[in-house]
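Chemist:
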Amino acid sequence: MDDLIFTDIPVPLSLFIITVLSLCFANSYNGEFVFDDSEAIVHNEDVQNSPLIDVFKNDFWGTRLTHKQSHKSYRPLTILSFRLHFWLRGALIAQDYHIVNIVLHTIVCMLMLPVFNILLGSKEKSTAFYATALFAVHPVHTEAVSGIVGRAELLCALFIWLSMCSCITFIATAMLCKETGITAVGICCIYDIIVVNRLFPSKIVSFIKSKHSYEGIKHFIKLRQKLLIRLFILFTSSLILMISRFSVMRYKAPTFQPVDNPASFVQNRFLRALNYCYIYCLNVWLLICPDWLCFDWSMGCVPLITSIDGRMSFILLFWFILSAMIAYTFNSYHDKFLRYSIMGLAMLIIPFLPASNIFFNIGFVLAERTLYIPSAGYCLLLVVGLQKLCNRVPMHYLFLAYTVLIALFFTKSWIRSNQWRTETTLFRSALHVCPLNAKVHYNIAKNAADNGNATLAQYEYNEALRLNPTYAQAMNNLGNILKDQGKLLEAETLFKRAIELQEDFATAWMNLGIVLWARRKSKEAEKSYLTALSHRNKYPDCLYNLGMLYLKQKNYDKALKVWESATRQKNTHSKAWVNMILLLDQLGRREDGLKVGYQALQFLPNDAFIHFNIANILGKTGNFEEAEVHFKNAISEHPTSAMFYTNLGVLYHRWNKFHEAEDMYKKALEIMPELESAKANLRKLNTIKSL
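In my numbering, the protein residues as written are 1104 to 1794.
1. Give the secondary structure of N1784 by DSSP, where H, G and I count as helix, E and B as strand, and everything else as coil.
2. Grab the span of the alpha helix (DSSP H) containing G1480 for me, first residue to last.
3. Please list the terminal residues of the continuous alpha helix (DSSP H) segment that includes C1212.
4. Could you check whether the segment 1176–1191 touches the segment 1248–1265, counting it as contact only if at least three pairs of C-beta atoms, one from each stretch, sit closer than 8 Å?
5. If we count the other Cβ atoms within 10 Å of its Cβ and call it buried at 16 or more, is K1698 buried or exposed?
6. Which residues does DSSP pair with N1161 in a beta bridge?
7. Whose C-beta lies closer than 8 Å to the C-beta of L1654 among residues of the same chain, with five residues either side of it excluded?
8. Taking 6 Å as the limit between beta carbons, can you name the residues of its chain near R1442, skipping five residues before and five after?
9. Below 9 Å between beta carbons: does that hold for T1169 and V1487?
10. Let me check understanding here. Comparing Cα to Cα, which of F1349, G1752, H1762 and Q1172 lies closest to L1772?
11. Would the segment 1507–1527 and the segment 1127–1134 be scored as touching if the rule is three or more Cβ pairs under 8 Å?
12. Helix or strand or just coil, what does DSSP make of F1440?
13. What is the rounded straight-line gap between the Cα of L1633 and the Cα of L1389?
14. So F1462 and L1469 are in contact, right, with Cβ under 8 Å, and what is the actual spacing, rounded?
15. Put C1392 into one of helix, strand or coil per three-state DSSP.
16. Taking the alpha-carbon of I1791 as reference, which of A1594, K1770, H1756 and E1777 has the nearest alpha-carbon?
17. Check whether the Cβ atoms of L1795 and C1292 sit closer than 9 Å, and answer yes or no.
18. Would you report the Cα separation of A1552 and F1138, rounded to the nearest angstrom?
19. Consult DSSP for V1496 and reduce its assignment to one of helix, strand or coil.
20. With a threshold of 8 Å, are at least 3 pairs of Cβ atoms found where one atom belongs to the segment 1393–1401 and the other to the segment 1525–1542?
21. Using 9 Å as the threshold, is the C-beta distance between I1196 and S1125 below it?
22. Use the C-beta contact count for D1710: other C-beta atoms within 10 angstroms, 16 or more gives buried, fewer gives exposed.
23. In or out: Q1705 buried (at least 16 other Cβ within 10 Å) or exposed?
24. Touching or not, the segment 1552–1572 and the segment 1412–1431, by the rule of three or more beta carbon pairs under 8 Å?
25. Report the CB separation of A1234 from C1482 in whole angstroms; it is logged as a contact under 8 Å.
26. What do you reckon, are the CB atoms on L1570 and G1466 nearer than 9 Å?
27. Write down the C-beta distance between F1512 and H1241 rounded to the nearest angstrom, noting that I regard them as a contact closer than 8 Å.
28. Taking its Cβ as the centre, do 16 or more other Cβ atoms sit within 10 Å of V1665, making it buried, or is it exposed?
29. With respect to the alpha helix (DSSP H) encompassing M1797, which residues constitute its N-terminal and C-terminal limits?
30. So, do the segment 1592–1609 and the segment 1624–1644 have three or more beta carbon pairs nearer to each other than 8 Å?
31. Is it buried or exposed for Y1701, if we count other Cβ within 10 angstroms and need 16 for buried?
32. What three-state label does DSSP hand R1254 in the structure shown?
33. If we ignore side chains and look at the alpha-carbon of each, how far apart do R1600 and D1695 end up?
34. DSSP on Q1656, reduced to helix/strand/coil?
35. Does the pairing of the segment 1608–1623 with the segment 1570–1584 give three or more beta-carbon distances under 8 Å?
36. Judging by CA-CA distance, which residue of L1448, S1416 and K1439 is the nearest neighbour of A1427?
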């Protein structure tokens, strides 16, 4: 191109500019685990300590793929990437995950440049650069880059681009990062037909319409033999990959609630299709004008179209533009931009198909992260459009418009990535976009409760229930707040209502059991705990609470048994370990208590209370030296516990190390001056010393 806006830029400079632009999301580098990060990483044992084979048996959220509540999202390589962080650092450090996401986005952007060069040809390096630069800063990518669970999108995009540069192996790899990876097959097919073989839609239609003799067809097959073989290999490979993918989930589709994707539950087919089309419009609008961005678009954020609605005009406009673009691809014979436009449309539409509700229902209304890969097609189409305008609009105006767009996108991405740093800022930012979204209020309430603001949490949970009276999770969490406030009857009502709405809601069953036990309804409480366990096989917290019920009933064998089960399910369940040690000590089974204690230290080597209880048993058996070691370990982990100092003082007291005992009692009283046990022991010690 002769025009300044599309002047070729040297490759090193291109890569440098793209790298700098891709850092528009760097504002989130020191963010926290937010929103879905907690469920997918923090509370997902597959990321931390489950057997490695479980990663390939469970879905993205750590639930068995065969379980009825599984989302069937099979992304083992993404989970393995999360697990690698934990293995390297020995802890979950959010900053590590955020930095890697930013680096991955930069790599994806840098790799996109050669991918566009392959798709467009060596003569269009300027188009490839400008499209890649636009992709690097698009604000709709914020969720994929600044939200850690967006790693699935980043890795999938990485391997899709690699598959275009290399082979189908990377398509399979992309699929193991996210299901969208299979769509690379479609893009590769379009590329082979349009770019490599220059078989444009008009030629294909003409060939189909014309009457060919057997010899003519034979000649065509011979002429396009290599293309047909490649397409056959791609088709067969994709079929094998899809069959393998569905076999992993045992050919069962995931089940979703109406709140997840209300349009899918509209009974009238026409209205259902109309709502899907409106959602497509919103996706396109987010690509064109990514001003209003929200972490969640469910529960009233996008009201359903149920009758004649002004929004239908947007649907008509959407289909008019899309139809015009498709008609252009069939009717333009000599347009030099045709193949670029077709590749742009292919990259925009094909990767979006899994999120379109066409082949199967999805579990969300709209998710910005699903636009990460399709946005590459949009960026290419936009730059091609600017190229076509070069003959009609002065180039300096186009260059100015492009520069302003890059600056606006960079600024928006920088601001938006900052909102993704904490849950507080993320959830509150959504109020400006979706004030009628019950899930937004639910998450604000949850965040407030986690930060100890029960008043705000209670208000926001009530607001969520006002907007969605059947929101079982909000009922459960509000019930927990009321339970902690001692309002047991109100809490019980909420838990029972949540169970009526969602019979297999294991957490609500467990919380109902806690309330029933507090109201001295032991049989009903036990039944609630067992019902919770029937709905969720792996539920260590419920087993712990059931053990506490058996303990109060003095059914010690059952208590020990369920606590042991809890530690098998979650070997870092500190309370279950500590209670087993305490109970065995109280029953006089001190050897068993020590055995359990040492076993617990294998999983929780720095747990202060485990060290403390082991030390108590060792002190009672006269093993003072080892007991002292464990007391000191407990104190080093929890230096503000007056009880720890007091008990170490008792040990020294028995050991006749009176000076050390006195120091421990005094330290305990410095921390807690009103501690009577320390005062009494200090008086006894002073009496002994005065004799």
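Built from N, CA and C at the ideal position, the CB exists for glycine as well.
Modeler: Reading off the structure:
1. If DSSP states are grouped into helix, strand and coil, N1784 belongs with the helices.
2. Residue range P1477 to L1492 is occupied by the alpha helix (DSSP H) that includes G1480.
3. Note, C1212: alpha helix (DSSP H), A1197 to L1223.
4. Judged by Cβ distances under 8 Å, the segment 1176–1191 makes contact with the segment 1248–1265, as three or more pairs qualify.
5. K1698 should be labelled exposed.
6. Its beta-bridge partners are R1167.
7. Taking L1654 as the centre and dropping the five residues before and after it, the same chain places the C-beta of A1662, N1682 and L1686 closer than 8 Å to its C-beta, in chain order.
8. Counting only residues of its own chain and dropping the five nearest sequence neighbours on each side, R1442 has a CB closer than 6 Å to the CB of I1297 and V1298.
9. Between T1169 and V1487, the CB-CB gap reaches or exceeds 9 Å.
10. Nearest of F1349, G1752, H1762 and Q1172 to L1772, Cα basis: G1752.
11. Short answer: they touch.
12. Here F1440 sits in coil by DSSP.
13. For L1633 and L1389, the distance between alpha carbons rounds to 47 Å.
14. Wrong, their Cβ atoms sit about 17 Å apart, outside the cutoff.
15. Three-state result, C1392: coil.
16. Nearest to I1791 by C-alpha distance, out of A1594, K1770, H1756 and E1777, is H1756.
17. Summary: the structure shown does not reach residue 1795, with the chain confined to residues 1104 through 1794, and so no result is reported for it.
18. Their Cα atoms are separated by approximately 14 Å.
19. If DSSP states are grouped into helix, strand and coil, V1496 belongs with coil.
20. Three or more pairs of CB atoms, one per stretch, sit closer than 8 Å, so the segment 1393–1401 contacts the segment 1525–1542.
21. Cβ distance not < 9 Å, so I1196 and S1125 don't count as in contact.
22. Flag for D1710 reads buried.
23. Answer is exposed; the Cβ neighbour count stays below 16.
24. Here the segment 1552–1572 does not lie against the segment 1412–1431, with fewer than 3 beta-carbon pairs under 8 Å apart.
25. Rounded to whole angstroms, the Cβ separation of A1234 and C1482 is 5 Å, and the two are in contact under 8 Å.
26. In this structure, L1570 sits away from G1466, with a CB-CB distance that is not shorter than 9 Å.
27. Under the criterion of beta carbons closer than 8 Å, F1512 and H1241 qualify as touching, at roughly 6 Å.
28. Buried, because 16 or more other Cβ atoms sit within 10 Å of the Cβ of V1665.
29. This structure leaves residue 1797 out entirely; the chain is present only between 1104 and 1794.
30. Of all C-beta pairs linking the segment 1592–1609 to the segment 1624–1644, three or more are shorter than 8 Å, placing the two stretches in contact.
31. With fewer than 16 other CB atoms across the displayed protein chains lying within 10 angstroms of its CB, Y1701 is exposed.
32. The answer is helix: DSSP assigns R1254 an H, G or I state.
33. Distance between the alpha carbons of R1600 and D1695: 43 Å.
34. DSSP places Q1656 in coil when its eight states are reduced to three.
35. Contact between the segment 1608–1623 and the segment 1570–1584 is present, because at least three Cβ pairs lie under 8 Å.
36. For the residues L1448, S1416 and K1439, the minimum Cα distance to A1427 belongs to L1448.
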